[in-house]
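A.B. asks: Note that the protein sequences, when read in sequence, are chains A and B.
Quick note, the first sequence lines up with residues 6 to 373 if you use my numbering.
Quick note, the second sequence lines up with residues 6 to 373 if you use my numbering.
2 protein chains.
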Amino acid sequence: MNYDYVIVGAGLAGLTFARIKADEGKKILVVERRSHIGGNVYDSYNNDGILIHNYGPHIFHTKDKGVYEFLSRFTEWNDFQHRVLSFVDGNLIPMPITLENVNKLYNLNMSTEEMKDFIAKKAEKIDEIKSSRDVALSMAGQEIYEKFFENYTKKQWGVDPKDLDTSVISRIPLRYNRDTRYFTDQYQGMPKFGYTKMCESMIASKNIKIMLNTDFEEIREDIPESAQIIYTGAADAYYGYKYGRLKYRSLKFKFETYRMEEYQEAPVVNYPNDYDYTRITEFKKMTWQKSDVTTIVKEFPCDYDPDDPEADEPYYPFPTKEWKDKFALYKADMDKEKRVHFIGRLAQYRYYNMDAVVRTAIDLAKEV
Amino acid sequence: MNYDYVIVGAGLAGLTFARIKADEGKKILVVERRSHIGGNVYDSYNNDGILIHNYGPHIFHTKDKGVYEFLSRFTEWNDFQHRVLSFVDGNLIPMPITLENVNKLYNLNMSTEEMKDFIAKKAEKIDEIKSSRDVALSMAGQEIYEKFFENYTKKQWGVDPKDLDTSVISRIPLRYNRDTRYFTDQYQGMPKFGYTKMCESMIASKNIKIMLNTDFEEIREDIPESAQIIYTGAADAYYGYKYGRLKYRSLKFKFETYRMEEYQEAPVVNYPNDYDYTRITEFKKMTWQKSDVTTIVKEFPCDYDPDDPEADEPYYPFPTKEWKDKFALYKADMDKEKRVHFIGRLAQYRYYNMDAVVRTAIDLAKEV
């Protein structure tokens, strides 16, 4: 079979590349381990008729007009603006750190100018910023760090923020106004009929063949020499774990459906200091679906473990120097490959947002 | 790639065969022209959040316990019992021909015994039953034939029942009781979470690889000699139309969503004598989904035309001698094939119900 490109992984990276090249008349084979396309953006209706995000909530937002315009070829959007509340000291406090947040936390009624003074007094002077903890303390002080960030980060990564480099908490968004939108990117929204329908539109080309239920290893030897390979799987897997396994965090999801129209006040409520889960997402609040019932998901972070069926999806590359160094070994090998291109969160071992993934794929398609 | 079976078509025939052989440890490749599995039983949520049957209503019913038990491995069922009303002379009259039907049509209040006499008097004596028309007249008489069957059949097949052989109307179910169920098979119901979810469960095996968006012709030359082929596509296509194209009827579907909880009184309402469509199906009445809106589909039968995007799905083999004879030419060739097996509605040019398709696939799997 005469393919120009064999793409490993039918997530956003793979499908973006596939579609661009298919439109140029190239022949594409996409190979996907799972039984569906879409990767982690896959959504589907559950047994209660609610559209859920099977691999955790995905909220599209971008400053990148090119990415937005590309995806808009395949979907309409609702103009959803994401909001997050954080359950702290028994109250639901809007995130990120805004006038609304600080006033509610301290039961104050500060103005913009007053908040600037207030935060300036709280912020700690740290000479050398080494860790995520240092970032938070130096920007917002001990109290805000403890209440909103410290324990959430511990749950999320399984380690103390003082042991995480500054890539995890690189800054604390401080807004001296009342804008409680979680993201302020120019383009934001949910695909009007879901991510899966968007992905189905992306592959609606006779030049794209999709092979499901198929591991890369199963077809690896059969790829003709003439085809280029776009690999969006895990970097360590590609090289047979020759330098050892890379560390990832995973998530255990607990989906629950309730016979009520509304479960919580916001699409996402964070639980930094209570319970074992980090947050609860209510899907109807993002998709705007109407129903007498509502489905939520609780997220329990855990280490990725390929042998545990509940934790065998590698969601987050582990953001410490040790693991970045290990990845660098693989990266050196990857850079030597002539006909294999590595893109996406898993292959590049980087916590990319959706828009960054699409951008990488668009740029690669231009390049090759 | 070392497959034991290459299966062409991911409909019920192909997936049944695939799963049985996968469970036996065989390696399977399923090749599917469309971008989804399930063939014509495929269902999906539309843009109004209603689960629809994209290729027209499918109601599962069978007397075959083996078929029911096989499919029950992959789905639960609701215990839906199908009911059909026929819009005749401005009234909605329950189908098939029962006491309820005849009493309502004639505004009578007959008993079982009275109905027997009544129908016996109406039935026409026809010496040689040659056509579908003859069947109907001889069983139920002119009036019932005209009101319920004649025009419906004309719309459905585009020809007069007097020109259709007795396979189309082989009998008119006459019930001298008040059982208005459309089917009286022992097993009946809808897959509780839809046909697509059932099909997804069927392919949940590491031994089954699925290739979407791929015509048989595109991989035909690449199938290794060692693999057996299960072909569920159209018979004429397999042979490059060497004896000419077979005739099929197709359907144009018009889906409509209304802001009301209920559109009509029954899952299906037939319109034998009014409008250009044959029937209206309301999906919520079969799936038991709850919603403030409801989606219906109107079916407009038409001839299959591969060049008309609205009529390019071959739904029904054409039931006349001329076309059966033409199929027989292909059948003679098919019978000579050593490693290709032909099953399903398209390959066997027979209007199989779902349960018959599954049965054929089970039996073939036992045989090869």
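Glycine included, each C-beta is placed from N, C-alpha and C at the ideal position.
What residue range is occupied by the uninterrupted alpha helix (DSSP H) comprising B:F65?
C.D. replies: Element bounds for B:F65: not the alpha helix (DSSP H) but the beta strand (DSSP E), 65–67.
A.B. asks: Leaving out five residues before and five after B:T185 in sequence, what residues of the same chain have Cβ atoms less than 7 Å from its Cβ?
C.D. replies: Closer than 7 Å at the Cβ level, and outside the excluded window around B:T185, lie R88, P99, T103, E105.
A.B. asks: How close, in whole Å, do the beta carbons of A:Q161 and A:F85 come, if the pair is a contact with beta carbons under 8 Å?
C.D. replies: Not really, about 24 Å apart at Cβ, beyond 8 Å.
A.B. asks: So for B:K32, helix, strand or coil by DSSP?
C.D. replies: Here B:K32 sits in coil by DSSP.
A.B. asks: Considering only C-alpha positions, which residue in the set B:L113, B:F75, B:Y181, B:N114 is nearest to B:D28?
C.D. replies: B:F75
A.B. asks: Going by DSSP, what residues sit across from A:M100 in a beta bridge?
C.D. replies: A:V89
A.B. asks: Between A:I348 and A:A18, is the Cβ-Cβ spacing less than 8 Å?
C.D. replies: yes
A.B. asks: Roughly how many whole angstroms lie between the Cα atoms of A:V93 and A:D281?
C.D. replies: Going by C-alpha positions, A:V93 is about 14 Å away from A:D281.
A.B. asks: Consider the Cβ of B:F79: report whether some Cβ of chain A lies at a distance smaller than 8 Å.
C.D. replies: No, its Cβ sits nowhere closer than 8 Å to a Cβ of chain A.
A.B. asks: Span of the beta strand (DSSP E) holding A:Q233?
C.D. replies: 233–236
A.B. asks: Determine, using beta carbons only, whether B:Y50 comes closer than 8 Å to chain A.
C.D. replies: yes
A.B. asks: So A:I124 and A:A145 are supposed to be a Cβ contact under 8 Å. How far apart are they, rounded?
C.D. replies: 6 Å
A.B. asks: Can you give the Cα-Cα distance for A:Y8 and A:I208, rounded to whole angstroms?
C.D. replies: 16 Å
A.B. asks: Leaving out five residues on either side along the sequence, give the residues of the same chain with a beta carbon under 8 Å from the beta carbon of B:G30.
C.D. replies: Annotation for B:G30: N212 place their beta carbon closer than 8 Å to its own, counting only its chain and skipping 5 residues before and after.
A.B. asks: Please identify the residue among B:F323, B:M115, B:E266 whose C-alpha is closest to the C-alpha of B:D297.
C.D. replies: Among B:F323, B:M115, B:E266, the Cα nearest to that of B:D297 is on B:E266.
A.B. asks: Distance check for B:G199 and A:D190, CA to CA, integer angstroms please.
C.D. replies: If you take the alpha carbons of A:D190 and B:G199, they lie about 38 Å apart.
A.B. asks: Under 8 Å between C-beta atoms, does B:E205 make it to chain A?
C.D. replies: Answer yes: the Cβ-Cβ gap between B:E205 and chain A drops below 8 Å somewhere.
A.B. asks: What is the DSSP secondary structure of B:R5, reduced to helix, strand or coil?
C.D. replies: Chain B is shown only over 6 to 373; residue 5 of chain B falls outside these bounds and no answer can be derived.
A.B. asks: If we ignore side chains and look at the alpha-carbon of each, how far apart do A:K26 and A:W82 end up?
C.D. replies: 24 Å
A.B. asks: Under 8 Å between C-beta atoms, does A:N278 make it to chain B?
C.D. replies: no
A.B. asks: Quick one: what's A:G194 bridged to in DSSP?
C.D. replies: A:F65
A.B. asks: When the cut-off is 8 Å and only beta carbons count, does B:T219 lie next to chain E?
C.D. replies: Given the protein chain composition of this structure (A and B), no chain E is represented.
A.B. asks: Buried or exposed for A:K290, going by 16 or more other Cβ atoms inside 10 Å?
C.D. replies: buried
A.B. asks: Run through chain B and tell me which residues come within less than 7 Å of A:I213, C-beta to C-beta.
C.D. replies: Within chain B, the C-beta atoms nearer than 7 Å to that of A:I213 come from N218, in chain order.
A.B. asks: Tell me whether B:P272 sits in a helix, a strand or coil according to DSSP, three-state version.
C.D. replies: coil
A.B. asks: Going by beta-carbon coordinates alone, are B:S136 and B:L169 separated by less than 8 Å?
C.D. replies: yes
A.B. asks: Using the C-alpha atoms, what's the distance from A:Y321 back to A:N358?
C.D. replies: Rounded to the nearest angstrom, the two C-alpha atoms are 11 Å apart.
A.B. asks: Note the first and the last residue of the continuous beta strand (DSSP E) segment covering A:V302.
C.D. replies: 299–308
A.B. asks: Report yes if the C-beta distance between B:S206 and B:F65 is below 8 Å; otherwise report no.
C.D. replies: no
A.B. asks: Would a check of beta-carbon distances place B:E123 closer than 8 Å to chain A?
C.D. replies: Inspection of the sequence shows that residue 123 of chain B is occupied by Phe rather than by Glu. No, B:F123 does not count as interfacial toward chain A.
A.B. asks: Can you tell me where the alpha helix (DSSP H) holding B:L369 begins and where it ends?
C.D. replies: First-last of the alpha helix (DSSP H) with B:L369: 359–372.
A.B. asks: From which residue to which residue does the alpha helix (DSSP H) around A:T262 run?
C.D. replies: Counting along the chain, A:T262 falls outside any alpha helix (DSSP H), though it belongs to the beta strand (DSSP E) covering 253–263.
A.B. asks: Kindly indicate if chain B contains any beta-carbon less than 8 Å away from that of A:G54.
C.D. replies: yes
A.B. asks: Thinking A:E304 and A:L251 are a contact (beta carbons under 8 Å), I'd like their distance in whole angstroms, please.
C.D. replies: Rounded, the Cβ-Cβ distance is 21 Å, inconsistent with contact.
A.B. asks: For B:I55 versus B:A15, is the C-beta spacing smaller than 8 Å?
C.D. replies: Cβ atoms of B:I55 and B:A15: not closer than 8 Å.
A.B. asks: Within the same chain, show all residues whose beta-carbon is closer than 7 Å to that of A:V345, passing over the 5 residues directly before and after it, in chain order.
C.D. replies: Same-chain partners within the cutoff: I234, Y236.
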